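What follows is a set of notes on a single structure, which appears directly below.
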Amino acid sequence: MDELVTLEEADGGSDILLVVPKATVLQNQLDESQQERNDLMQLKLQLEGQVAELRSRVQQLDTALVTARQEHAELTEQYKGLSRSHGELTEERDILSRQQGDHVARILELEDDIQTISEKVLTKEVELDRVRDAVKALTREQEKLLGQLKEVQADKEQNEAELQMTQQENHRLNVELQEAKGRQEEQSAQAQRLKDKLAQMKDTLGQAQQRVAELEPLKEQLRGAQELAASSQQKAALLGEELASAAGARDRTIAELHRSRLEVAEVTGRLAELSLHLKEEKCQWSKERAGLLQSVEAEKDKILKLSAEILRLEKAVQEERTQNQVFKAELAREKDSSLVQLSESKRELTELRSALRVLQKEKEQLQVEKQELLEYMRKLEARLEKVADEKWNEDAATEDEETTAGLSCPVPLTDSEDESPEDMRLPPYGLCERGDPSSSPAGPREASRLVVISQPAPIAPHLSGPAEDSSSDSEAEDEKSVLMAAVQSGGEEANLLLPELGSAFYDMAR
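For the sequence shown, counting from 1, position 198 maps to 198 in the UniProt record's numbering; every step adds exactly one.
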């Protein structure tokens, strides 16, 4: 009766008591335990394959993490370099803006200077036109004076012609006088009677000599006449007798001589007046000529000075224009270069802003992923604790049953169980495949998708022990600490450790 076991079985709502042998019941329990053991071994093999795959993936993710960190460091350095270059470009832009302001002020100043110089040039041109008009007026006046001078020269030539005519007339009179002297020689007999009249003639000749002294060309002729008169006086004694016979001729000769003296006196007076007028005209003309020459020289000097001043001003204006063109060209080049630099700085600033926005978006995404990872870790810890509790309960119940069965009927171990008791235990792992955090594991089939944090209880009763439990707990704690460190280290490591939360890093790692 000790080997029989009473079983209650509900069949159709009626309670049935079955009496079966205890060995049969234990054999059935042993078969179930063996089946469960086989299932767990298959699960162990599957989990080992998954662990190997996960380890390879972890290595790949570690490599990708190192690469991503390097790229992140490079991007950080590039961002810092771009920030520095942006600051430098901003400073250069400010410097260029100040230089542009200075250049604009310089251009305005140069334009004012050019306007002032243009006004001065216009003033000088007006003065030059006025000087030119004055020169033209002086030229016309000079031409007028030259015309007057030509008229004076024509009058002088006319006076000289009249003087020549007078000299010719005097020569004719001298010839007639010589003829008269010849006749007087012929009539020497009449010379005695003419002595008194000769004395009068001497007086008259003296007066005539005084008048003739003014006429230098006639002095020699008058001297000749005086000599002839002296010779006639010497011959008067010889011609005394002839004078009587030549009385009538003498009267005619005296009359002709008197007429000739009157004509000579008239010609002498006219010649003196003409000479005086000519001298006055010469003095006045020389004075006017000297004044005109001085004024012309002064005007020429002034014109030369004005021409030199105009040339200097034109040269200065040309230099200012050239310098202004150079400044304008330099300003255009600087403006173009500043515009190019400004456009480049704007483009770089836009790129920096885009990169900054991308980095901000990535940072926000990393923050969101970090929050999701933390939430997932909390849910995973809750699930793992729940699964561990259930597993421990199941293992404890199984251990109790096997202990009871082992006391009643010890079961021999298989060759695989005798090889290594440690192989009967599942090693702890810290990673899992994606699963529904709200669902709980219902059996060994579903437990294949989970990562076992705690060491499950051994199947055989004689394989359990406190040392193994402590080692499994320490390994579970190590896996848990590694996972928590990955969560605390940042969103990138969490994404690399959990590819389902960081698909971008997982794709980059592949």
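Glycine included, C-beta positions come from ideal geometry on N, C-alpha and C.
The structure displayed is predicted, hence computed values, not measured ones.
Out of Gln34, Asn28, Leu89 and Lys300, state which residue places its alpha-carbon closest to the alpha-carbon of Ser338. Considering only alpha carbons, the answer is Leu89.
Taking contact to mean 3 or more Cβ pairs, one atom from each stretch, closer than 8 Å, check whether the stretch 317 to 330 and the stretch 52 to 71 are in contact. Contact between the stretch 317 to 330 and the stretch 52 to 71 is not established, with fewer than three Cβ pairs separated by less than 8 Å.
Do Leu110 and Ile310 have their CB atoms nearer than 8 Å? Not closer than 8 Å, so no.
Report, in whole angstroms, the separation of the C-beta atoms of Leu306 and Val131, which I expect to be a contact under 8 Å. Between Leu306 and Val131, the beta carbon gap of about 6 Å places them in contact (Cβ cut-off 8 Å).
To the nearest angstrom, how far is the alpha carbon of Glu362 from that of Asn324? The straight-line gap from Cα to Cα measures roughly 55 Å.
Would you kindly work out how many angstroms separate the C-alpha atoms of Thr322 and Glu314, rounded to a whole number? Rounded to the nearest angstrom, the two C-alpha atoms are 12 Å apart.
Whole-Å CB distance - Asn159 paired with Leu278, under 8 Å assumed: Under the criterion of beta carbons closer than 8 Å, Asn159 and Leu278 qualify as touching, at roughly 6 Å.
Quick one: is Lys370 buried, meaning 16 or more other Cβ sit within 10 Å of its Cβ, or exposed? The residue in question, Lys370, is buried, as its Cβ has 16 or more Cβ neighbours within 10 Å.
Looking at Leu271: is its Cβ nearer than 8 Å to the Cβ of Leu163? The answer is yes: Cβ separation under 8 Å.
Please state whether the Cβ-Cβ distance between Val296 and Gln153 is less than 8 Å. No. Outside cutoff.
Buried versus exposed, by CB contacts within 10 Å (16 or more), Ala298: With fewer than 16 other Cβ atoms from the protein chains shown falling within 10 Å of its own Cβ, Ala298 counts as exposed.
Contact the stretch 284 to 295 vs the stretch 80 to 88: 3+ CB pairs below 8 Å: Here the stretch 284 to 295 does not lie against the stretch 80 to 88, with fewer than 3 beta-carbon pairs under 8 Å apart.
Quick one, which of Arg252, Thr139 and Thr24 has its alpha-carbon nearest Arg183's? Distances from the alpha-carbon of Arg183 to those of Arg252, Thr139 and Thr24 put Arg252 closest.
Indicate the three-state DSSP secondary structure (helix, strand or coil) for His86 in the structure shown. The answer is helix: DSSP assigns His86 an H, G or I state.
Suppose you measure from the CA of Asn393 to the CA of Leu380; what does that come to, to the nearest Å? For Asn393 and Leu380, the distance between alpha carbons rounds to 19 Å.
Taking the alpha-carbon of Gln99 as reference, which of Thr403, Arg333, Ala382 and Arg57 has the nearest alpha-carbon? Closest option to Gln99, Cα to Cα, is Arg333.
Glu77 classed as buried or exposed, judged by whether at least 16 other C-beta atoms fall within 10 angstroms: Result: exposed.
Assuming Leu96 and Gln318 are in contact, meaning their beta carbons sit under 8 Å apart, how far apart are those beta carbons, in whole angstroms? Between Leu96 and Gln318 a beta carbon distance of about 31 Å is seen, past the 8 Å cut, so the two are scored as non-contacting.
Classify Thr350 as buried or exposed, calling it buried when 16 or more other Cβ atoms lie within 10 Å of its own Cβ. Around the beta-carbon of Thr350, fewer than 16 other beta-carbon atoms lie within 10 Å, marking it exposed.
Name the residue from Leu40, Gln207, Asp31 and Ile117 whose alpha carbon lies nearest to the alpha carbon of Lys391. For Lys391, the nearest C-alpha among the options comes from Leu40.
Considering only the beta carbon of each residue, do Gln27 and Glu401 sit closer than 8 Å? In this structure, Glu401 does not lie closer than 8 Å to Gln27 by Cβ.
What do you get for Thr398, buried or exposed, if any count of 16 or more other CB atoms within 10 angstroms of its CB means buried? Its Cβ being crowded by 16 or more others within 10 Å, Thr398 is buried.
Here's the rule I'm using: 16 or more other beta-carbon atoms within 10 Å means buried, otherwise exposed. How should Ala405 be labelled? Per the 10 Å Cβ criterion, buried.
Measuring straight from C-alpha to C-alpha, what distance separates Glu74 and Leu359? The alpha-carbon atoms of Glu74 and Leu359 are separated by roughly 13 Å.
Nearest-angstrom Cα distance between Thr161 and Ala265? The residue you asked about is not Thr; residue 161 is Ala in the sequence shown. Roughly 18 Å separates the two Cα atoms.
Let's test the definition: count the other Cβ atoms within 10 Å of the Cβ of Arg383 and tell me whether it reaches 16, buried, or not, exposed. Under a 10 Å Cβ-count criterion, Arg383 is classified as buried, with 16 or more other Cβ atoms of the shown protein chains found around its own Cβ.
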